[in-house]
Amino acid sequence: MMRFVFRRLIAMVLTLWAVSFVAFAIIQLPPGDYLTTYLATLSANGDRVDPATIEALRVQYGFGEPYIVQYWKWFSGILFRGDFGQSFEWKAPVTTLIWGRLGNSILVEGLAVLVMWFIALPIGIYVAVKKYSLGDYLATIAGFIGLAIPNFLLALLLMYLSFVWFGTTIGGLFSSEFENARWSLPRLWDFFSHAWAPILVLATAGTAELIRILRANLLDELKKPYVTTARAKGLSEWKVILKYPVRVALNPLVSTIGWLLPALVSSSVIVSVVLNLPTAGPLLLRSLTSQDMYLAGAIIMLLGVLTVIGTLISDLLLAWIDPRIRYGSK
Amino acid sequence: MGKNFALGLTGAVAIAAMMAAVGPAWAQQQSPVLDAAVASGELPPVAERLPANPLVITPVESVGTYGGTWHSALRGGLDNAWIGRTVAYDGLVRYDREWKEIIPNLAESWEVSEDARTYTFKLREGLKWNNGKPFTSADIAFAAELFSEPTYGAGTFMKNPNNPVKVEVVDETTFSLVFEKPNGVIMDDLASINGLTLVSLNKEYCSQFYPKYNPNAAAEAKAAGFETWELWMTDRCSWATETIRWANPELPMMNAWMIEEPLKGDSTRTTFVRNPYYWKVDTEGNQLPYIDRLEMRVSDSLEEITLMALNGEIDYQDRHIATVANQPIFFDGQEAGDYRLGENIPSNMNTLMLQFNMNHVDEKRRELFQSKDFRVGISHLIDRQEIIDVIFTGQGEPYQAAPRPESPFYDEEMAKQYTEFDPDAAAAAFEAAGLIKSGEFYTFADGTPLKITIDMISSFRSEWVDMMELLQLQLEAGGVDIELNNIDRTLYYEKRPTGDYDAQIWQGDGGLDVIQEPRYYLPANDESVWAYRWAQWFQGSRPEIAEEPADWAKEQMDLLNKLRSEGNPEVRNDLMKQILAISKENFPVIGVSLPGNGYYIAKNNMRNIAEPMLHAYLFPTPAPYDPFQWYFAQE
Chain A
3 MMRFVFRRLI AMVLTLWAVS FVAFAIIQLP PGDYLTTYLA TLSANGDRVD
53 PATIEALRVQ YGFGEPYIVQ YWKWFSGILF RGDFGQSFEW KAPVTTLIWG
103 RLGNSILVEG LAVLVMWFIA LPIGIYVAVK KYSLGDYLAT IAGFIGLAIP
153 NFLLALLLMY LSFVWFGTTI GGLFSSEFEN ARWSLPRLWD FFSHAWAPIL
203 VLATAGTAEL IRILRANLLD ELKKPYVTTA RAKGLSEWKV ILKYPVRVAL
253 NPLVSTIGWL LPALVSSSVI VSVVLNLPTA GPLLLRSLTS QDMYLAGAII
303 MLLGVLTVIG TLISDLLLAW IDPRIRYGSK
Chain B
69 MGKNFALGLT GAVAIAAMMA AVGPAWAQQQ SPVLDAAVAS GELPPVAERL
119 PANPLVITPV ESVGTYGGTW HSALRGGLDN AWIGRTVAYD GLVRYDREWK
169 EIIPNLAESW EVSEDARTYT FKLREGLKWN NGKPFTSADI AFAAELFSEP
219 TYGAGTFMKN PNNPVKVEVV DETTFSLVFE KPNGVIMDDL ASINGLTLVS
269 LNKEYCSQFY PKYNPNAAAE AKAAGFETWE LWMTDRCSWA TETIRWANPE
319 LPMMNAWMIE EPLKGDSTRT TFVRNPYYWK VDTEGNQLPY IDRLEMRVSD
369 SLEEITLMAL NGEIDYQDRH IATVANQPIF FDGQEAGDYR LGENIPSNMN
419 TLMLQFNMNH VDEKRRELFQ SKDFRVGISH LIDRQEIIDV IFTGQGEPYQ
469 AAPRPESPFY DEEMAKQYTE FDPDAAAAAF EAAGLIKSGE FYTFADGTPL
519 KITIDMISSF RSEWVDMMEL LQLQLEAGGV DIELNNIDRT LYYEKRPTGD
569 YDAQIWQGDG GLDVIQEPRY YLPANDESVW AYRWAQWFQG SRPEIAEEPA
619 DWAKEQMDLL NKLRSEGNPE VRNDLMKQIL AISKENFPVI GVSLPGNGYY
669 IAKNNMRNIA EPMLHAYLFP TPAPYDPFQW YFAQE
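Quick note, the sequences are listed as chains A and B, same order. Position in the first sequence counted from 1, then plus 2, gives you the working numbering. Position in the second sequence counted from 1, then plus 68, gives you the working numbering.
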């Protein structure tokens, strides 16, 4: 087991290095650099900068240097000093910008995952056991509607309806008075009174998918002889289902845990913009459009780290819930 | 307003008027929120905080009452322009509410030398930063010194290599700006939003990050996590309206409100509180501002800001939400949201400028786009009334690139020439331009096909997509083959130096700010996309692509150079009229329609907002209408 973990860790480091190299290259693919977008913004506002100043800034930011030199400066900074570089647009160190937002992302999107599982697992089991019943059809229809409505549209609908029906504005994670306050019970309440909307929106899309996967897996398992044997031995119906086939059917879900977080971060960008969530998504979007490369690079890099760690966790979890995998690795 | 104010209103006004000239002998009032701090000795009394000769502001409607919080919203954390328009606009001088005159602000008076090279300013006696330290000529000299560093700062007249400036300090409150060459436009620069850099740095605080004053500055920057002292300086002591400036509450300011909760990368709101040392009073001697706090929600979501406004959670705002599409919703929601809509007059003279590239790298296309007949033909093919009716619900009128009707430079003929929809006139013009029609579309004289690609950015103005699609149909109906090329903004800008583009579109700057923003009247700067290489020749930048302009454009450039070094405003206006006359004759760019008036949203109890307001960038609306004298009426 230790050797397994150790091998995975080495693979992780190599993967991360590859991610950083590719990410840094992709960020620089579009024409121009941050200074071009900066100039464009200034010009659009009627402000002007003389070309000599821009040349000076270009040298100062090191834009003229070859890719490998720029990359090494950035990567060695992260490696040796934990320094992700400067955000050009915010004129602040990247590290001061991302941690808070990444925390919000993990909080909101983590809650969305929990809600998703909480809804999807019981329904998935129910529709597999009672296949082709009225409940199965209703759950399937509801699930597909959730899958078919784009998240941002659902967010807009919720905003509009809550304004028209209740006269309140949904948006953000806190009311103004709690924005910069310390955590406390009232603040927690305030958080949930705001966060239910994004959590619900983010959860609906994945629910249908989960229900379908679980249903299909479970249907396969339910037919197997060991289930019949368990029944014949007189176990109660729910114990039969939950103890054996459900555990096996969970495998594909657990093995995709690693992708959940990055998938949620990237799929929630538009929802986060629409609902004004202070998460990493809008920051990433903005930094990409303005070619704020160190900021964009840092976020992509951290998403990579999360994916890799998530994959490791899901591997370990799999080994834990499925003895076949555990013994197979020996 | 103070409860124990002893004098009657008329008496106070009379005395205030007298005292303003003599000295601060009348009892000034302050906001009640400062009373406790003064009583405990934390703050000196208001009379000691104000300068000897505070700027007396005449309220728009009436003297107001203290208190309240002005709620508004920023679109994301980089929307510093809204802070510039509300908090930051306090330069040496400012524009009056008509945008006609330049009036005293931090400087109480100034003199211009005969040769327009030396401008001598006299600051108000006893001005203080919000930390109570005096604001003097030394602060001005420091800003100029810092910006003379080749590796520091960007933009503004302080870094203009063609006409460098030096600051000569005469005494604590008197200094001169000395330019190498005559400068006729510096007062306009100083009065605009671009003029704030010079007065935005406190020497005592900011010099600690500058190696010239602190030998350890570079090492301290490294210790703080910044590679160079310039980055550390920018972080702590940024200038004018830069975003990062609003992230440092320690940075001394001269504005009506000062930072309470800073605007940082992860902020979801930023707040400002009244500056107890603000140096303006109303006509009764009450220290301004009236409003105690500003609270700005930081929201990436336009939808959220719109709903907030509908829900009455915004006290005043126009930025981002006051769009053509939103107008009916806001109009219907007035009663429920307890707000009203007020009127804005935009400074733009056009909803869309179509600019053909006269400096195209392709010989044939350059010749075609330089032909006035061709542009006249295109202009006659545009059914402007249809665009106005369909896209702008009838608001506006057909218009070319010409000063707005409100401008002293207005010339009806220039604004209206070639705007009538006339396919026959267009056909004649195309023939004169040497095009021949064989089949559906026009071709070059030698029969090679002519397809014109128009670059556009849909993300900048949402109505541009609809306008361009309509325009494409209209031009194609007239036999001109058009392709629309919707691209990203960076690519848009990157294409300009290459010279390999047929046409680009942009908004119609320069309707009221005719002298400051003449990009469509002559090849004046990088934004003159229709003659980018001629503009490079004029500016002397990028000599590798500069091209010698046509004679008429050269004549305009001579006139503009004369204008920029002319001290007398009347002569300047006369020179500008000559430039415009040449532009009218040569018709370089094609306009569509005059933008209809804009609007803003204000809560019903918010008072002293001027009506209507001119709306521009250089004249950073609503700041020139003195938001520090807005107040909340108590019902």
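All C-beta atoms, glycine included, are put in the ideal place defined by N, C-alpha and C.
Using DSSP bridges, identify the partner residues of residue i.
i	result
residue 355 of chain B	B:349
residue 505 of chain B	B:510
residue 362 of chain B	B:138, B:340
residue 247 of chain B	B:233
residue 179 of chain B	B:188
residue 163 of chain B	B:170
residue 124 of chain B	B:349
residue 683 of chain B	B:414
residue 700 of chain B	B:674
residue 522 of chain B	B:552, B:571
Below 7 Å CB to CB, which residues in the same chain sit around residue i once its five sequence neighbours on both sides are set aside?
i	result
residue 90 of chain B	Residue placement at residue 90 of chain B cannot be trusted, given a pLDDT of 42 that sits under 50; what the coordinates show is reported in the next sentence. Hits under 7 Å: none found.
residue 225 of chain B	233, 254, 257
residue 683 of chain B	412, 413, 414, 415, 666, 689
residue 702 of chain B	133
residue 219 of chain B	298
residue 474 of chain B	413, 580
residue 566 of chain B	none
Using the beta-carbon of each residue, which ones in chain B are nearer than 8 Å to residue i?
i	result
residue 93 of chain A	299, 302, 303, 306, 310, 311, 312
residue 34 of chain A	558, 559, 561, 562
residue 62 of chain A	219, 296, 298
Below 8 Å on C-beta distance, what does residue i contact in chain A?
i	result
residue 369 of chain B	173, 275, 276, 277, 278
residue 391 of chain B	Within chain A, no residue comes near residue 391 of chain B; the closest Cβ sits about 16 Å away, beyond 8 Å.
residue 144 of chain B	284, 288
Between residue i and residue j, which are expected to be in contact by the criterion C-beta below 8 Å, what is the C-beta distance as a whole number of angstroms?
i	j	result
residue 172 of chain A	residue 277 of chain A	7 Å
residue 323 of chain B	residue 354 of chain B	Actually they are not in contact, since the Cβ atoms of residue 323 of chain B and residue 354 of chain B sit about 18 Å apart, beyond 8 Å.
residue 351 of chain B	residue 124 of chain B	6 Å
residue 159 of chain B	residue 263 of chain B	4 Å
residue 509 of chain B	residue 518 of chain B	7 Å
residue 29 of chain A	residue 295 of chain A	5 Å
residue 158 of chain A	residue 371 of chain B	6 Å
residue 258 of chain A	residue 110 of chain A	With 8 Å as the limit, residue 258 of chain A and residue 110 of chain A do not qualify as a contact, their Cβ atoms being about 20 Å apart.
residue 574 of chain B	residue 426 of chain B	Between residue 426 of chain B and residue 574 of chain B the Cβ distance is about 15 Å, and since that is not below 8 Å, they are no contact.
residue 99 of chain B	residue 479 of chain B	Going by Cβ atoms, the distance from residue 99 of chain B to residue 479 of chain B rounds to 49 Å, so no, they are not a contact pair.
Kindly list the residues whose CB is nearer than 6 Å to the CB of residue i, restricted to its own chain and excluding five residues on each side of it in sequence; keep chain order.
i	result
residue 321 of chain B	198
residue 533 of chain B	526
residue 293 of chain A	35, 36, 39
residue 235 of chain A	none
residue 204 of chain A	114, 270
residue 276 of chain B	282
List the residues of chain B that residue i touches, going by C-beta distances under 9 Å, in chain order.
i	result
residue 58 of chain A	218, 219, 220, 222
residue 161 of chain A	369, 371, 372, 375
residue 293 of chain A	558
Quick one: list the residues of chain B neighbouring residue i, beta-carbon separation under 7 Å, in chain order.
i	result
residue 222 of chain A	In chain order: nothing, as chain B lies at least about 44 Å away.
residue 103 of chain A	334
residue 78 of chain A	The contacting residues do not exist; residue 78 of chain A stays about 13 Å from chain B at best.
residue 42 of chain A	557, 558, 561
Since residue i meets chain A, which of its residues come closer than 7 Å, beta carbon to beta carbon?
i	result
residue 245 of chain B	Here the premise fails: no neighbours, minimum Cβ distance about 18 Å.
residue 337 of chain B	178, 181
Considering only residues of the same chain and omitting the five flanking positions on each side of residue i, which have a CB-CB separation below 8 Å?
i	result
residue 378 of chain B	397, 398, 401, 404, 405
residue 332 of chain A	Note that residue 332 of chain A has pLDDT 44, beneath the 50 cutoff, so the model's placement of it is unreliable and the number below is only indicative. Answer for residue 332 of chain A: no residue qualifies.
residue 285 of chain A	99, 100, 103, 297, 301
Q: Return the residues of the segment 571 to 603 of chain B that lie within a Cβ-Cβ distance of less than 7 Å from chain A, sorted by chain order.
A: The segment 571 to 603 of chain B vs chain A, Cβ under 7 Å: 577, 585, 593, 594, 595.
Q) Listed from N- to C-terminal order along the chain, which residues in the segment 353 to 383 of chain B have their beta-carbon within a distance smaller than 9 Å of any beta-carbon of chain A? A) Under the 9 Å Cβ criterion, the segment 353 to 383 of chain B contributes 363, 365, 366, 367, 368, 369, 370, 371, 372, 373, 375, 376, 378, 379, 381.
Q. According to a CB-to-CB cut-off of less than 7 Å, which residues of the segment 223 to 235 of chain A neighbour chain B?
A. Using a CB distance below 7 Å, no part of the segment 223 to 235 of chain A faces chain B.
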